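There are 2 protein chains.
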Amino acid sequence: MDASGLLVDLDGTLYVGGGAISGAVEAVERLKDSGISLRFVTNTTRKPRREVHEGLVRLGFGIEEREIITPARTAVSLIGSRSCRPLVDESLLEDLIDVRMSEDWPEVVLVGDLGEGFSYGRLNAAFRCLMDGAELIALQKNRFWRRSDGLALDAGPFVAALEYASGKAATVVGKPEESFFRAALAELGLEPGKVAMVGDDAESDVAGARKMGIKGIQVKTGKYRSGDESNADLAVDSFADLAEALQSKS
Amino acid sequence: MDASGLLVDLDGTLYVGGGAISGAVEAVERLKDSGISLRFVTNTTRKPRREVHEGLVRLGFGIEEREIITPARTAVSLIGSRSCRPLVDESLLEDLIDVRMSEDWPEVVLVGDLGEGFSYGRLNAAFRCLMDGAELIALQKNRFWRRSDGLALDAGPFVAALEYASGKAATVVGKPEESFFRAALAELGLEPGKVAMVGDDAESDVAGARKMGIKGIQVKTGKYRSGDESNADLAVDSFADLAEALQSKS
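So the sequences go chain by chain: U and Y.
Per the working numbering, residue 1 is the first one in the first sequence, and the count goes up by one each step.
Per the working numbering, residue 1001 is the first one in the second sequence, and the count goes up by one each step.
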């Protein structure tokens, strides 16, 4: 496969649980050495970009913070000067420092992944703001992710709950939204046809990228389930095999 | 309006918060005296039918328990001999006494209204059962209800969350499902054209009934919001005005 640029998912692709995928650190290095431009495109909404970066460095990855594209950082320009009620992990607020916050009469309700923090009370308060006229913006709409103890609900189901309750469709920021991939392509400075996206999520990563004309590569780690690779341009057992797969054909 | 039978919603129509709608007790009496057959059709899934009945009697309503049709009682035959994991208010279990329960490998996940009990952990456990093959049955899919302190999320948003997460469509029992109205018509022994449904919910009560050929009457109490009456056959300020509205034209 011929690719000058590569968009790389993080959780489930470079690491699972607390550990790096075996061989992934070296694979990132080899890919960079071979002249391929990399950007790391994550839907993670439970940590600020700084922490995402620190985590990758701790695992040994040679990645710079500016190479990481997150929904929260991308959402700031979408929200603009409007007031916002955040339904996001508290740690994420540092990425939203330029956003004007308002609990009572927000113009925007911003939803990220709260995990166990998705209580009835918080959802109901957000719902009332939507009924009072606020717009619903979702940092991502992933269905679930693979936690160390099994599958776990992501932000998507709670976004769907608020959409159903309010009758309003959310504006979604993260993968697989076109605007998010477009922002990543702009940073690479490449046309879609010269870029591949690699990830463990058959919908958000692979199908989302392919809809944009970006090649989709499925890894069989993370939330991968048998058969997920059926719509990918390429499937590899893990990210560690990717450098070889790309180089053998380029 | 000519109606031999009347289906009556409870919460928001006969009472709001803890109190009966002014004049509603007498209106039920007048309607019964005038020879109209009544059935009380509720999507309430936080109380067993016995308690629903006790509450109505306490408020002074001359209603028998057998006249009340609830989703839980209707769900029992739908579940049949299959094992079931309930995501319902504990008090509702007496209506499900004939259902075989199983926490770990259920064939059915049954969702009612849990209110504050809808925690991430309970939703995630149910989600995992669905991913392991269980069918999703929802006692109702109401969007919200009007609590004394304001609008409150009903079971519907959480059903929508589980549907989105699992990729499975729920089988819904309560209003506005055809099967639920059909069960009510069967109890009345009347054709749809001879029956009217009165309620505060423009979707579940009024639109649901009209889709079946039952006349839809909107009351302007409970969760009513301005404009909701636009698709009703008749609108009245409250249930107290209904006896007169029906009798003046019959």
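Just so you know, even glycine gets a beta-carbon here, dropped at the ideal spot from N, CA and C.
Just so we're clear, the structure is a prediction, and the values are computed from it rather than from any experiment.
Whole-angstrom Cβ separation of Val-88/U and Leu-114/U, contact assumed at under 8 angstroms? On the first sequence, position 88 is the one that residue 88/U refers to. On the first sequence, position 114 is the one that residue 114/U refers to. Rounded, the Cβ-Cβ distance is 7 angstroms, consistent with contact.
Indicate the three-state DSSP secondary structure (helix, strand or coil) for Ala-169/U in the structure shown. In the first sequence, the residue the question calls residue 169/U occupies position 169. Three-state DSSP puts Ala-169/U in coil, outside helix and strand.
Pull up the distance between the alpha-carbon of Ser-102/U and that of Lys-168/U, whole angstroms please. Residue mapping note: residue 102/U aligns to position 102 of the first sequence, counting from 1. Residue mapping note: residue 168/U aligns to position 168 of the first sequence, counting from 1. Their Cα atoms are separated by approximately 20 angstroms.
If the cut is a Cβ gap below 7 angstroms, which residues of chain Y does Asn-124/U touch? For the purposes of this step, residue 124/U is taken as the residue at position 124 of the first sequence. What Asn-124/U touches in chain Y: Ala-1152, Leu-1153.
Sorted by chain position, which residues of the same chain lie with C-beta nearer than 7 angstroms to Gly-213/U's C-beta, five sequence neighbours on each side aside? Locating residue 213/U in the first sequence gives position 213, where the first residue counts as 1. So the qualifying residues of the chain are Pro-192, Gly-193.
Would you grab the beta carbon distance between Gln-140/U and Lys-175/U for me? Rounded to a whole angstrom, and I think it's under 8 angstroms. Your numbering for residue 140/U matches position 140 in the first sequence. Your numbering for residue 175/U matches position 175 in the first sequence. That pair is a contact at about 7 angstroms.
9 angstroms Cβ cutoff met for Phe-118/U and Phe-158/U: Along the first sequence, read from residue 1 onward, the residue named residue 118/U stands at position 118. Along the first sequence, read from residue 1 onward, the residue named residue 158/U stands at position 158. It is a contact, given that the beta carbons lie within the stated cut-off.
Spell out a yes or no on whether the segment 1043-1050 of chain Y and the segment 1012-1028 of chain Y are touching, meaning 3 or more CB-CB pairs, one atom from each, closer than 8 angstroms. no
So Ser-1179/Y is in the alpha helix (DSSP H); what residue range does that whole segment cover? If you number the second sequence from 1, residue 1179/Y lands on position 179. Its alpha helix (DSSP H) spans residues 1178-1188.
Environment of Gly-1005/Y [buried if 16+ CB atoms lie within 10 Å]: Translated into positions along the second sequence, residue 1005/Y becomes position 5. Gly-1005/Y should be labelled buried.
Helix or strand or just coil, what does DSSP make of Ala-1126/Y? Residue numbering aside, residue 1126/Y sits at position 126 when the second sequence is read from its first letter. Here Ala-1126/Y sits in helix by DSSP.
9 angstroms Cβ cutoff met for Tyr-1120/Y and Ala-160/U: Taking the second sequence and counting its residues from 1, one reaches residue 1120/Y at position 120. Taking the first sequence and counting its residues from 1, one reaches residue 160/U at position 160. Cβ distance not < 9 angstroms, so Tyr-1120/Y and Ala-160/U don't count as in contact.
Is it right to say Ser-148/U is buried, meaning 16 or more other beta carbons lie within 10 angstroms of its own, or is it exposed? Taking the first sequence and counting its residues from 1, one reaches residue 148/U at position 148. It counts as exposed.
Asp-1132/Y versus Ala-183/U: straight-line alpha-carbon distance, rounded: Looking up residue 1132/Y in the second sequence gives position 132. Looking up residue 183/U in the first sequence gives position 183. Spanning the two alpha carbons is a distance of roughly 37 angstroms.
At a Cβ cut of 9 angstroms, what residues of the segment 1089-1122 of chain Y count as close to chain U, listed as they run along the chain? Leu-1114, Gly-1115, Glu-1116, Gly-1117, Phe-1118, Ser-1119, Tyr-1120, Gly-1121
Quick one: Cα of Thr-1171/Y to Cα of Pro-1086/Y, how far? Indexing the second sequence from 1 puts residue 1171/Y at position 171. Indexing the second sequence from 1 puts residue 1086/Y at position 86. The straight-line gap from Cα to Cα measures roughly 14 angstroms.
Have a look at Thr-1044/Y, Gly-1012/Y, Ile-1063/Y and flag the residue whose alpha-carbon is nearest the alpha-carbon of Arg-1030/Y. Translated into positions along the second sequence, residue 1030/Y becomes position 30. Of Thr-1044/Y, Gly-1012/Y, Ile-1063/Y, the residue nearest in Cα terms is Ile-1063/Y.
In three-state DSSP terms, what is Gly-1012/Y? In the second sequence, residue 1012/Y corresponds to position 12, counting from 1. Gly-1012/Y: coil per DSSP, three-state reduction.
Alpha carbon of Ala-1125/Y to alpha carbon of Gly-1112/Y, nearest angstrom: Within the second sequence, numbered from 1, the residue matching residue 1125/Y stands at position 125. Within the second sequence, numbered from 1, the residue matching residue 1112/Y stands at position 112. Distance between the alpha carbons of Ala-1125/Y and Gly-1112/Y: 15 angstroms.
Could you name the residues of the segment 1156-1178 of chain Y whose beta carbon sits closer than 9 angstroms to any beta carbon of chain U, in the order they occur along the chain? Gly-1156, Pro-1157, Phe-1158, Val-1159, Ala-1160, Ala-1161, Leu-1162, Glu-1163, Tyr-1164, Ala-1165, Ser-1166, Gly-1167
Residues of chain Y with CB closer than 8 angstroms to the CB of Phe-181/U, please, in chain order. Numbered from 1 along the first sequence, position 181 holds the residue referred to as residue 181/U. The premise fails here: Phe-181/U is roughly 22 angstroms from chain Y at the closest Cβ pair, so nothing lies under 8 angstroms.
Would you mind giving the Cβ-Cβ distance between Leu-1246/Y and Ala-1072/Y, rounded to the nearest angstrom? I have them listed as a contact below 8 angstroms. Translated into positions along the second sequence, residue 1246/Y becomes position 246. Translated into positions along the second sequence, residue 1072/Y becomes position 72. At roughly 30 angstroms, the Cβ-Cβ gap does not stay under 8 angstroms, so Leu-1246/Y and Ala-1072/Y are not in contact.
Check the Cβ-Cβ distances between Arg-1058/Y and every residue of chain U, and say whether any is below 9 angstroms. Taking the first residue of the second sequence as 1, we reach residue 1058/Y at position 58. By this cut-off, Arg-1058/Y is not an interface position.
Partners in chain Y for Arg-146/U, counting only beta-carbon separations shorter than 7 angstroms: As a first step, residue 146/U is located in the first sequence; it is residue number 146 there, counting from the start. The premise fails here: Arg-146/U is roughly 11 angstroms from chain Y at the closest Cβ pair, so nothing lies under 7 angstroms.
For the beta strand (DSSP E) containing Gly-18/U, name the first residue and the last one. What you label residue 18/U is simply residue 18 of the first sequence in a count that begins at 1. From DSSP, Gly-18/U is part of no beta strand (DSSP E); its letter is neither H nor E.
So the candidates are Glu-203/U, Glu-135/U, Trp-145/U; which of them puts its Cα closest to the Cα of Arg-46/U? Locating residue 46/U in the first sequence gives position 46, where the first residue counts as 1. When each option's Cα is compared against that of Arg-46/U, the closest is Trp-145/U.
Exposed or buried, what is Ile-1137/Y when buried is set at 16 or more other beta-carbons lying within 10 Å of its beta-carbon? Here residue 1137/Y corresponds to residue number 137 of the second sequence, with the count starting at 1. With 16 or more Cβ atoms within 10 Å of its Cβ, Ile-1137/Y is classed as buried.
Taking 9 angstroms as the CB-CB limit, is Phe-61/U close to chain Y? Position 61 of the first sequence, counting from 1, holds the residue named residue 61/U. No, Phe-61/U does not count as interfacial toward chain Y.
Rounded to whole angstroms, what's the CA-CA distance from Gly-1189/Y to Ala-1235/Y? Just pull it up for me. Working through the second sequence from its first residue, we reach residue 1189/Y at position 189. Working through the second sequence from its first residue, we reach residue 1235/Y at position 235. When rounded, the distance between both Cα atoms is 25 angstroms.
Distance, Val-1198/Y Cα to Ala-152/U Cα: By one-based count along the first sequence, residue 152/U stands at place 152. By one-based count along the second sequence, residue 1198/Y stands at place 198. One C-alpha to the other measures close to 41 angstroms.
Would you decide whether Ser-1022/Y is buried or exposed? Buried here means 16 or more other CB atoms lie within 10 Å of its CB. To locate residue 1022/Y, count along the second sequence from 1; it is residue 22. When all chains shown are included, Ser-1022/Y counts as exposed.
Closest to Val-109/U by C-alpha separation, out of Ser-238/U, Asp-11/U, Glu-26/U, Ile-79/U, would be which residue? As a first step, residue 109/U must be located in the first sequence, where it is residue number 109. With distances taken between Cα atoms, Val-109/U lies closest to Ile-79/U.
Identify the residues that DSSP records as bridge partners of Ala-234/U: which are they? Sequence index remark: in the first sequence, residue 234/U carries index 234 (1-based). Reading off the sequence shown, one finds Leu at residue 234/U, where the question assumed Ala. Note: Leu-234/U sits in a beta bridge opposite Ile-217/U.
With respect to the beta strand (DSSP E) encompassing Ala-152/U, which residues constitute its N-terminal and C-terminal limits? Counting from 1 along the first sequence, the entry for residue 152/U is found at position 152. Note, Ala-152/U: beta strand (DSSP E), 150-153.
Please return the same chain residues whose Cβ sits closer than 6 angstroms to the Cβ of Ser-1037/Y, not counting the five positions on each side in sequence. As a first step, residue 1037/Y is located in the second sequence; it is residue number 37 there, counting from the start. Closer than 6 angstroms at Cβ, skipping near neighbours: Gly-1005, Leu-1188.
Just list the beta strand (DSSP E) runs in the segment 1041-1089 of chain Y, keeping only unbroken ones of 3 residues or longer that don't cross its boundaries, in chain order. 1083-1087
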